[in-house]
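2 protein chains.
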Amino acid sequence: MAWSIAQVARMSKVTSRTLRHYDDIGLLPPARVGDNGYRYYEQEQLLRLQQILVLRELGLGLDAIAEIVNQGRDRIEALRMHHRWLLAERDRLDRLARTVSRTISEVQGGEKVTSKSAAHWFEGFDSAKQEQLQQEARDRWGAEHVDAANKKFAGTPQDWWQTEGQTWLKSLNTLIAHIDAGRLPTDPAVQETIDGHYQWIQGTWVPNRESYTGLANLYADDPRFRANFDKTDPRLAEYLRAAMTEYARTRLS
Amino acid sequence: MAWSIAQVARMSKVTSRTLRHYDDIGLLPPARVGDNGYRYYEQEQLLRLQQILVLRELGLGLDAIAEIVNQGRDRIEALRMHHRWLLAERDRLDRLARTVSRTISEVQGGEKVTSKSAAHWFEGFDSAKQEQLQQEARDRWGAEHVDAANKKFAGTPQDWWQTEGQTWLKSLNTLIAHIDAGRLPTDPAVQETIDGHYQWIQGTWVPNRESYTGLANLYADDPRFRANFDKTDPRLAEYLRAAMTEYARTRLS
DNA sequence: GTAGAAGTTGACGCAACGGCAAAGTCAAGG
DNA sequence: CCTTGACTTTGCCGTTGCGTCAACTTCTAC
Chain S
1 MAWSIAQVAR MSKVTSRTLR HYDDIGLLPP ARVGDNGYRY YEQEQLLRLQ
51 QILVLRELGL GLDAIAEIVN QGRDRIEALR MHHRWLLAER DRLDRLARTV
101 SRTISEVQGG EKVTSKSAAH WFEGFDSAKQ EQLQQEARDR WGAEHVDAAN
151 KKFAGTPQDW WQTEGQTWLK SLNTLIAHID AGRLPTDPAV QETIDGHYQW
201 IQGTWVPNRE SYTGLANLYA DDPRFRANFD KTDPRLAEYL RAAMTEYART
251 RLS
Chain X
1 MAWSIAQVAR MSKVTSRTLR HYDDIGLLPP ARVGDNGYRY YEQEQLLRLQ
51 QILVLRELGL GLDAIAEIVN QGRDRIEALR MHHRWLLAER DRLDRLARTV
101 SRTISEVQGG EKVTSKSAAH WFEGFDSAKQ EQLQQEARDR WGAEHVDAAN
151 KKFAGTPQDW WQTEGQTWLK SLNTLIAHID AGRLPTDPAV QETIDGHYQW
201 IQGTWVPNRE SYTGLANLYA DDPRFRANFD KTDPRLAEYL RAAMTEYART
251 RLS
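The listed protein sequences correspond, in order, to chains S and X. Heads up: the first sequence begins at 1 in the UniProt record's numbering, then just goes up one per residue. Heads up: the second sequence begins at 1 in the UniProt record's numbering, then just goes up one per residue.
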């Protein structure tokens, strides 16, 4: 079923002016615009609006919200991530309340304040920064193509590794050869190997500098990937991180 | 001890530019300005800054924050109020997280959405409004003069009622006479009686329209006051509320 | 047809800073 | 004393995300 702009505004407590603004900037286009020029919204738009409001609540700017909302391909995963962010923010507010409690005690105690104790007065105010959440989302979706490829073969990470992963293994063996030859991760030959990986990735995902760097960190830090790399060669994970990070820095924006 | 602006900025994670802005608008003047023109802050200012940051975190505008921070005369009470607001906000974020959890379940269930179910998607987004918190603070301080007068006599609310309250009781008896005479709360004679109350209050507190209205509501809604009014005459509380509200509307700004 | 509600677009203003420039002050080292 | 770099000042401009308002169109009920 479809809702008019006023109905959506009432449900969501967002003004119709804001909804139009979000349409203007492409953040939340309506499902359709009638012959009369009126906007009509469907379930898909309401779900998207909820995501927007969560991220707005968490203090993100609209450009960051657009990026996160637009790039998510698995809605359930996105919602789970938002849920986790909300719980983290809830816990931060709890910490804030505890900071105020502590202040009450100190003021009642009439103690002389020092630089050290005063610093405690501001614990919890340093909220999750836009960049941190944005980066986490990028890391998340950077890993998505791996999950998607894994799902495609309807198997476990080990299955992927034994099949599609063999292509990737060839690249890894090349990297190991680079290591044995004493080449730095920044060496042009190493970067060419990484470029092969980057071209391969583009089949399902086009990362930018930040998200490709995020993927590099994921390979090195996530136990699933780390275990496989270490099995092949214990030097590999960190070498790969350095090489991919360099590639992202010099060739991506 | 005194802190420079950069030291305060580092402790509080607020930029020095913002601290200067707060000085400019009178929200947070420094303890003193040195001969060199530099701002120096003391414990008092840090405590005030913490309050400002709490209220900012809760979404209040700076003008509302100024009002709340400036009017509080009992710091401990103010901090307790802020603590309570933070806990309420924390609980709201918890509700938001639950809303997202519910959405996850519904989307996974693939159910068709109705107007009724969609409305649940936005539960928790309606945060505490600036006006609500402002009003609560005004109510709080509106009641403060009663508490202060009560403390002055170092007794219980009943003590106050038996002593200073007798002056107040005379006004109430006049109001009861107005009721018996069938005069509406808006009647000029009634308003003159309320004016007597207003003049009496000014000994300890100068309310504006909103805070005097808040006091009217406090008298009618707070069990301590309500019980005393009902004891005198069951018609009194609501009549007083209406009369004081009218007085505030027509004579205060 | 009329009136009021609902919706549109466009434009302006506001709040709360962040960033930057220009200039002054301070402290340490030569 | 001079120099340098860190720290601080004031003033000004721009940004972001709306809220408000005006002028106009569309819809619905009487």
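Idealized CB from N, CA, C, for every residue including glycine.
Taking the Cβ atoms as the reference, A97 of chain X lies roughly 5 angstroms from L87 of chain S, within the contact range of under 8 angstroms.
Taking a contact as a CB-CB distance under 8 angstroms, the pair A220 of chain X and R235 of chain X does not count as one, their CB atoms being some 12 angstroms apart. Under the Cβ criterion of 8 angstroms, F125 of chain S is counted among the residues facing chain X. Taking every protein chain shown into account, the CB of Y38 of chain X has fewer than 16 other CB atoms within 10 angstroms, so this residue is exposed.
Ranking S:R95, S:D74, S:P188, S:A31 by CA distance to the CA of E44 of chain S puts S:A31 first. The three-state secondary structure of Y38 of chain X, taken from DSSP, is coil. Sequence-distant Cβ neighbours of G26 of chain X in its own chain, meaning closer than 8 angstroms and more than five residues away, are A66. Residues of the region 95–112 of chain S with a C-beta less than 7 angstroms from any C-beta of chain X: L96, A97, V100, S101, T103, I104, V107, Q108, listed in chain order. Counting along the chain, the unbroken alpha helix (DSSP H) around W85 of chain X starts and ends at 75–109. The DSSP-derived three-state label of V190 of chain S is helix.
Contact between E57 of chain S and F125 of chain X is confirmed by a C-beta separation of about 7 angstroms, below the 8 angstroms threshold. L93 of chain S reaches chain X at L86, E89, R90, L93, counting residues in chain order whose Cβ is nearer than 7 angstroms.
Contact between the region 47–56 of chain X and the region 8–24 of chain X is established, with three or more Cβ pairs separated by less than 8 angstroms. Taking C-beta separations shorter than 8 angstroms and ignoring five residues to either side along the sequence, the partners of L28 of chain S in its chain run L19, Y22, Q45, R48, L49, I52, following chain order. For R10 of chain X, the enclosing alpha helix (DSSP H) stretches over residues 5–12.
In the displayed model, R32 of chain S falls within a strand according to three-state DSSP.
Residue contact check for I76 of chain S against chain X: a CB pair falls below 8 angstroms. Under the Cβ criterion (8 angstroms, minimum of three pairs), the region 170–186 of chain X does not count as touching the region 91–107 of chain X. Cα atoms of T103 of chain S and I5 of chain S: separation of roughly 46 angstroms, rounded to the nearest angstrom. DSSP places M1 of chain X outside any alpha helix (DSSP H), giving it a letter other than H or E. Under the DSSP assignment, N70 of chain S falls in the alpha helix (DSSP H) whose first and last residues are 62–71.
DSSP places D230 of chain S in the helix class (H, G or I) of the three-state scheme. Nearest neighbour of Q108 of chain S by Cα position, chosen from X:W85, X:R75, X:G214, turns out to be X:R75. For the set S:D24, S:R10, S:E246, S:D233, the Cα lying nearest the Cα of A216 of chain S is the one of S:E246. Under the Cβ distance rule, H21 of chain S does not count among the residues neighbouring chain X, no pair being separated by less than 8 angstroms.
In this structure, DSSP gives A118 of chain X a helical state, which the three-state scheme calls helix. For L79 of chain S, a Cβ of chain X is located within less than 8 angstroms of the residue's own Cβ. Check the Cα spacing between Q71 of chain S and each of S:K170, S:Q7, S:N208, S:A189: the tightest is with S:N208. Judged by DSSP secondary structure, R48 of chain S falls within the alpha helix (DSSP H) whose first and last residues are 43–57.
Among the CB atoms of chain X, none fall inside 8 angstroms of the CB of L62 of chain S. Closest by C-alpha distance to S171 of chain S, out of S:F122, S:L252, S:Y239, is S:Y239. Secondary structure at E123 of chain S: coil, using DSSP grouped into helix, strand and coil. Not a single C-beta of chain S is nearer than 8 angstroms to the C-beta of H178 of chain X.
No Cβ of chain X is located within less than 8 angstroms of the beta carbon of A6 of chain S. Annotated as proximal: Q134 of chain S and A64 of chain S, with beta-carbon spacing under 8 angstroms.
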